[in-house]
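Student: Top to bottom, those sequences are chains A and B. Taking our numbering, the leading residue of the first sequence gets 1, the next gets one more, and so forth. Taking our numbering, the leading residue of the second sequence gets 402, the next gets one more, and so forth. Cβ coordinates follow ideal geometry from the N, Cα and C atoms, glycine included.
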Amino acid sequence: MKRLLFIVILLVTATVLAAEKPPLITRWENFTTANGIPDDKVFCLAVDGPRVWAGTEDGLVLIENGKVARVYGTGDGLVHRVVMGIAVDKRNGDLWIGTFGGLSQFSGGQFKNYTNLTSGLLNDIIYGVAVQDYWVWVATTAGISRLDTSTGEWRNWSEFNAPFHEPWSYGIAPAPEIGKVYFAVWGGGMIEYDIATDTMKPYTDPDEEMELVLFRNQGLVHIIVSNVAFNPDTKMTWGSTYFGLTGYDGRNWHNYLTKDSGLASDFINAPKSRGNEVWACTDKGLSFLDYKTNTWVTYRRNKQNGHGEIEITWPDQKKTTLEAPTSLAHNYILNMEFQGKDIWVATAKGLSHGIREPQMEAQLYGNAKLDRRSTRGRQGEGAKVSKDGFPKSGQRPAGSQ
Amino acid sequence: MPKKLFLLIIFLTLAPPAWPQSSSSKPAETQEPPEKRYANMPTEAVPFRRFTKPYHEWFVDKNTVEYNGAASDRPDGDISKLSEIAIGFLGPLENNPESMFGIPMLHGAQMAMEEANARGGYKGKHFALKIYNDSALWGASSTVLPSMLFKDNCWAVLGSIDGQSTHIQIRESLKLEVPILSPGTTDRTVTETRIQWILSNFPDDRVQGYALANHIFRELKLKRIGVIRTQTRYARIGVGVFNDMARRMQRQPTLEVKFDRGDMDFSRQLRMLRDTKIEGLVIWAEWPEAALILKHMREMGMKQPVFSSSRTAYPKLLEIAGPAAEGLVTACALDPSRQDAAWTAFRDRYRQKYGEDPDAYAAYAYDGMNMLIAAIGKAGLNRGRIMQTLRDYQLKDYKGVAGDVTFDYTLKNVSPVTLSRVENGKFVYWKAASSETQQGPVVAEIR
Numbered sequence: 001m002k003r004l005l006f007i008v009i010l011l012v013t014a015t016v017l018a019a020e021k022p023p024l025i026t027r028w029e030n031f032t033t034a035n036g037i038p039d040d041k042v043f044c045l046a047v048d049g050p051r052v053w054a055g056t057e058d059g060l061v062l063i064e065n066g067k068v069a070r071v072y073g074t075g076d077g078l079v080h081r082v083v084m085g086i087a088v089d090k091r092n093g094d095l096w097i098g099t100f101g102g103l104s105q106f107s108g109g110q111f112k113n114y115t116n117l118t119s120g121l122l123n124d125i126i127y128g129v130a131v132q133d134y135w136v137w138v139a140t141t142a143g144i145s146r147l148d149t150s151t152g153e154w155r156n157w158s159e160f161n162a163p164f165h166e167p168w169s170y171g172i173a174p175a176p177e178i179g180k181v182y183f184a185v186w187g188g189g190m191i192e193y194d195i196a197t198d199t200m201k202p203y204t205d206p207d208e209e210m211e212l213v214l215f216r217n218q219g220l221v222h223i224i225v226s227n228v229a230f231n232p233d234t235k236m237t238w239g240s241t242y243f244g245l246t247g248y249d250g251r252n253w254h255n256y257l258t259k260d261s262g263l264a265s266d267f268i269n270a271p272k273s274r275g276n277e278v279w280a281c282t283d284k285g286l287s288f289l290d291y292k293t294n295t296w297v298t299y300r301r302n303k304q305n306g307h308g309e310i311e312i313t314w315p316d317q318k319k320t321t322l323e324a325p326t327s328l329a330h331n332y333i334l335n336m337e338f339q340g341k342d343i344w345v346a347t348a349k350g351l352s353h354g355i356r357e358p359q360m361e362a363q364l365y366g367n368a369k370l371d372r373r374s375t376r377g378r379q380g381e382g383a384k385v386s387k388d389g390f391p392k393s394g395q396r397p398a399g400s401q
Numbered sequence: 402m403p404k405k406l407f408l409l410i411i412f413l414t415l416a417p418p419a420w421p422q423s424s425s426s427k428p429a430e431t432q433e434p435p436e437k438r439y440a441n442m443p444t445e446a447v448p449f450r451r452f453t454k455p456y457h458e459w460f461v462d463k464n465t466v467e468y469n470g471a472a473s474d475r476p477d478g479d480i481s482k483l484s485e486i487a488i489g490f491l492g493p494l495e496n497n498p499e500s501m502f503g504i505p506m507l508h509g510a511q512m513a514m515e516e517a518n519a520r521g522g523y524k525g526k527h528f529a530l531k532i533y534n535d536s537a538l539w540g541a542s543s544t545v546l547p548s549m550l551f552k553d554n555c556w557a558v559l560g561s562i563d564g565q566s567t568h569i570q571i572r573e574s575l576k577l578e579v580p581i582l583s584p585g586t587t588d589r590t591v592t593e594t595r596i597q598w599i600l601s602n603f604p605d606d607r608v609q610g611y612a613l614a615n616h617i618f619r620e621l622k623l624k625r626i627g628v629i630r631t632q633t634r635y636a637r638i639g640v641g642v643f644n645d646m647a648r649r650m651q652r653q654p655t656l657e658v659k660f661d662r663g664d665m666d667f668s669r670q671l672r673m674l675r676d677t678k679i680e681g682l683v684i685w686a687e688w689p690e691a692a693l694i695l696k697h698m699r700e701m702g703m704k705q706p707v708f709s710s711s712r713t714a715y716p717k718l719l720e721i722a723g724p725a726a727e728g729l730v731t732a733c734a735l736d737p738s739r740q741d742a743a744w745t746a747f748r749d750r751y752r753q754k755y756g757e758d759p760d761a762y763a764a765y766a767y768d769g770m771n772m773l774i775a776a777i778g779k780a781g782l783n784r785g786r787i788m789q790t791l792r793d794y795q796l797k798d799y800k801g802v803a804g805d806v807t808f809d810y811t812l813k814n815v816s817p818v819t820l821s822r823v824e825n826g827k828f829v830y831w832k833a834a835s836s837e838t839q840q841g842p843v844v845a846e847i848r
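1. Within its chain, find whatever has a CB closer than 8 Å to the CB of threonine 586(B); leave out the 5 residues flanking it on each side and keep chain order.
2. Which residues in the same chain have their Cβ closer than 8 Å to the Cβ of lysine 526(B), if we skip the five residues on either side of it in sequence?
3. Helix, strand or coil: which one does DSSP assign to threonine 586(B)?
4. Three-state secondary structure (DSSP) at phenylalanine 230(A)?
5. Check whether the region 242-249 of chain A touches the region 444-451 of chain B, taking contact to mean three or more Cβ pairs, one atom from each stretch, closer than 8 Å.
6. With 7 Å as the C-beta to C-beta threshold (strictly closer), list the residues of the region 266-300 of chain A near chain B in chain order.
7. What does aspartate 474(B) reach in chain A if we use C-beta pairs closer than 7 Å?
8. Can you pull out the residues from the region 679-701 of chain B whose beta carbon lies closer than 8 Å to at least one beta carbon of chain A?
9. What does tryptophan 314(A) pair with, by DSSP beta-bridge criteria?
10. Go ahead and label alanine 742(B) buried or exposed: buried means 16 or more other beta carbons lie within 10 angstroms of its beta carbon, across all protein chains shown.
11. Using a C-beta cutoff of 8 Å, does tryptophan 157(A) count as contacting chain B?
12. Between tryptophan 186(A) and chain B, is any beta-carbon pair separated by less than 8 Å?
13. Mind reading off the beta-carbon distance from glutamine 717(B) to tryptophan 685(B)? Whole number of angstroms is fine, and I expect it under 8 Å.
14. Give, in chain order, every unbroken run of the alpha helix (DSSP H) that is at least 4 residues long and sits entirely within the region 771-822 of chain B.
15. Mark alanine 196(A) as exposed unless 16 or more other C-beta atoms lie within 10 angstroms of its C-beta, in which case mark it buried.
16. In the DSSP assignment, find the beta strand (DSSP E) that holds valine 642(B) and state where it starts and stops.
17. Within 8 Å, do at least three Cβ pairs link the region 18-29 of chain A to the region 45-63 of chain A?
18. Counting C-beta neighbours from all protein chains within 10 Å, is the total for alanine 833(B) 16 or more, i.e. buried, or is it exposed?
19. Contact criterion: CB-CB distance below 8 Å. Does tryptophan 154(A) meet it with respect to chain B?
20. Quick check: the Cα distance between alanine 429(B) and glutamate 593(B), rounded to an integer number of angstroms?
21. Look at the Cβ atom of arginine 625(B), then the Cβ atom of lysine 704(B), and state whether they are nearer than 8 Å.
22. Give me the chain B residues within the contact set of asparagine 231(A), using Cβ-Cβ distance strictly less than 9 Å, ordered along the chain.
23. Give me the residue from Lys531(B), Gly610(B), Ile617(B), Ala471(B) with the minimum Cα distance to arginine 637(B).
24. Name the DSSP bridge partner or partners of proline 174(A)?
25. Should methionine 646(B) be labelled buried (16 or more other beta-carbon atoms within 10 Å of its own) or exposed?
26. Between Ser107(A), Asp148(A), Thr347(A), Ser240(A), which lies nearest to asparagine 30(A) when the distance is taken from Cα to Cα?
27. Just grab the DSSP bridge partners of glycine 416(A) for me.
28. Keeping to the same chain, check which residues put their C-beta closer than 6 Å to that of lysine 112(A); ignore five residues upstream and five downstream.
29. Can you pull the chain A neighbours of asparagine 469(B), defined as C-beta to C-beta under 7 Å?
30. Hey, does tyrosine 810(B) have any beta-carbon neighbour from chain A nearer than 8 Å?
31. Could you please give the first and the last residue of the uninterrupted alpha helix (DSSP H) stretch that includes methionine 84(A)?
32. Suppose you measure from the CA of tryptophan 744(B) to the CA of isoleucine 504(B); what does that come to, to the nearest Å?
33. Whose C-alpha, out of Ala766(B), Arg438(B), Gly804(B), is nearest the C-alpha of aspartate 462(B)?
34. Against chain A, does proline 448(B) count as a neighbour if the rule is that its beta carbon must be under 8 Å from one of theirs?
35. Checking contacts by CB at 8 Å: is glutamate 593(B) closer than that to chain A?
36. Could you give the residue range of the beta strand (DSSP E) that holds tyrosine 134(A)?
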């Protein structure tokens, strides 16, 4: 009996230790102007099954089967060249595209455009679009617009009719699971729209000061919110700011700065979240948080050799750095999307497709001779990696130079 | 006797641990580093200072506007294919109550550009100003920056004055990556965003508010202050800084009243202020309304000293208000009584060209345009490198016709402002004292 108990404990411990290793993106495939996208600056993404749509500074790109399938520009009917937000209507496959010159609807191969002068759209400078049933939400620089596609009716929210400290809207995250929609508002914090009551509730920076964070988990970390994401699994809402990452579980706020976490940078353009995963698109790489274990992984491109750098920050703040042969197109990350286990990442210098490879992941962890017991238990030892990120054994991952 | 001996032993036992704690015996290497303070903030303006130390402070490190994007990797402009080197201008020029400041701003920018072109332009190509009106209709100017970039091929932008318009521009520039130099906004929040694409050389609300509060509460030792302001973002943000400072000095303004731009009758607001028995009045507005307020309050028998924001230090205020303006103290963006050669030469050239004296907006626009032209000259036709050249002004000075400008980590001008007082119908200027140089709190510290 004692032996059985010992085995069970051993198995449970081993499972827990194994589970603590975060999954890794080990291969990156990049798209730049060299292989067909119209501009290296990629602002936004939308995934529709096997199809990936990307918005660039010079038009819209469709990627299928690992290749650029089609590029759409103003010559094709797109309302403006700068594409800042894309959303897919899952009911009919229509694409809604927010640009710096209005909103485009791409349906049946045709563009239909909506501008401030031709429709009820609040402003032509659009930063985000989202589809929720028959509503199309649009985040504009003058507030939030909503098109009811079943009636064609527009409705707008700004500082004149809603609790917007400032109306400069950036992102939208529908949260149908809890009957809400969240908005990221620059200078206005995070705003929660309750569908049932048709009311808006603002969450602002409780210290009301631009230059400080008074307490770590004080509430919203900063009034300037650059984007927002809702996690349907945990029901948590995540906000990105240029002053850290902020998460709201409906009761408490959970804030992260570089000084207290594995975040690559406090300057964050967008968050994404599902399951226990929280992703932060920063100006110094792509950071991942396993919310359950408080383990961080940051992906960045080594500027010297172009290899991928994977920095793991364990719950005890110790770090392990691994090196992969491929990397993100650039470290300045603007946005990302999930596609199954893969991710797609919009960067300042190309579009990146991140792929998980279990074998490569095992090799990287193996090369690092990762021993979490030593990392957790013995101060200063950590994983066996040298300063340049290569495993101390000298054995480098396949493909690295 | 044994009791006294016992007490002596207790005293000697407890006393020694206190000795090393005196500052004189503290080794130099263990001294606390000097406190970094954002925007040259006076001690009394520090938020929550009586309560706690913040978990984290921003804008006190070089990485405040650290840029990690790829703008400088984009191809340089091919000068052989360009007929001109375009720089955008966004300012209130028509159908906008702020055009009285926007037109001098345009003149200052044009003068700097003409002088640069007379010197040969950039590699033989002339600079060209692409002028856009900053409409008073909110949001109407929002599509200007994309036009400047994609239609005009502007390498940088000068503008604007309005805080809202400038905010819209910088958020667009964060995505489109066009360098912006604001020579006129007082909105402190514009550079408090960590957007790496803006530099502002105009003295903002913080430095104006701190200077006024210090003068009113510390130097003049006034206690009951009223505030009257316009219903504009300009005044809302400006008064916010002043009120915060006043509250932290335990001198919360007694009453704040508002009016709309263009109002002519302020009797209701002034009666309310008079009834609260204020000892002084702060006006955060433009000169036309400020002049009328001064007249009306003196006509009503209100003799309190009056203090005002930078947009009121104009000769026309003296014309309208007459003797009622005597004693008015204003936080000024510019000291036009300076006699240094850079200023007097610019003033004379401007006067000759436009038939009037340059104001602060003209002077800072002239300096700002010269900074942009110099940055293009140094960095070439690459927006990423042009902005990096401007970012290099962090914690550095620029000596221009408007005076010496010092940029902080956010790339905002934090030089001490000038104060002026109307004496015998003229503005008399002096440099505002820093509250740090003056001893003692306004009121006793709460223990």
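Tutor: So, from the data block:
1. Ser561, Ile562, Asp563, Gly564, Thr567, Ser601, Phe603, Asp605
2. Excluding sequence positions up to five before and after lysine 526(B), its CB lies within less than 8 Å of the CB of Ile480, Leu483, Ser484, Glu485, Ile486, all in the same chain and listed in chain order.
3. coil
4. strand
5. With a cut-off of 8 Å, the region 444-451 of chain B and the region 242-249 of chain A do not count as touching, because too few Cβ pairs lie within range.
6. Phe267, Asp283, Lys284
7. Aspartate 474(B) reaches chain A at Lys349, counting residues in chain order whose Cβ is nearer than 7 Å.
8. none
9. In DSSP, tryptophan 314(A) forms no bridge with anything.
10. Classification of alanine 742(B): exposed, given that the 10 Å Cβ count is below 16.
11. no
12. yes
13. It is lysine, not glutamine, that sits at residue 717(B) in the sequence shown. Lysine 717(B) to tryptophan 685(B), Cβ: 18 Å. No contact.
14. 784-792
15. exposed
16. That residue, valine 642(B), is in no beta strand (DSSP E); its alpha helix (DSSP H) goes 634-649.
17. Three or more beta-carbon pairs separated by less than 8 Å are not found between the region 45-63 of chain A and the region 18-29 of chain A, which leaves the two stretches without contact.
18. That one is buried.
19. no
20. In this prediction, alanine 429(B) scores a pLDDT of 38, lower than 50, which makes its location untrustworthy; the coordinate-derived value is nonetheless stated afterwards. Taking the straight line joining both Cα atoms gives about 35 Å.
21. no
22. Those do not exist, as asparagine 231(A) stays about 25 Å from chain B at its closest Cβ, beyond 9 Å.
23. Gly610(B)
24. Val181(A)
25. buried
26. Ranked by Cα distance from asparagine 30(A), the first of Ser107(A), Asp148(A), Thr347(A), Ser240(A) is Thr347(A).
27. Within the shown structure, residues of chain A are numbered from 1 to 401, placing residue 416(A) beyond reach of any answer.
28. Gln105
29. Asp283, Lys284, Asn331, Tyr332
30. Answer no: the Cβ-Cβ gap between tyrosine 810(B) and chain A never drops below 8 Å.
31. No alpha helix (DSSP H) holds methionine 84(A); the beta strand (DSSP E) holding it covers 83-88.
32. 19 Å
33. Out of Ala766(B), Arg438(B), Gly804(B), the CA that lies nearest to the CA of aspartate 462(B) is found in Arg438(B).
34. yes
35. So, interface residue.
36. Element bounds for tyrosine 134(A): n/a, residue is neither H nor E.
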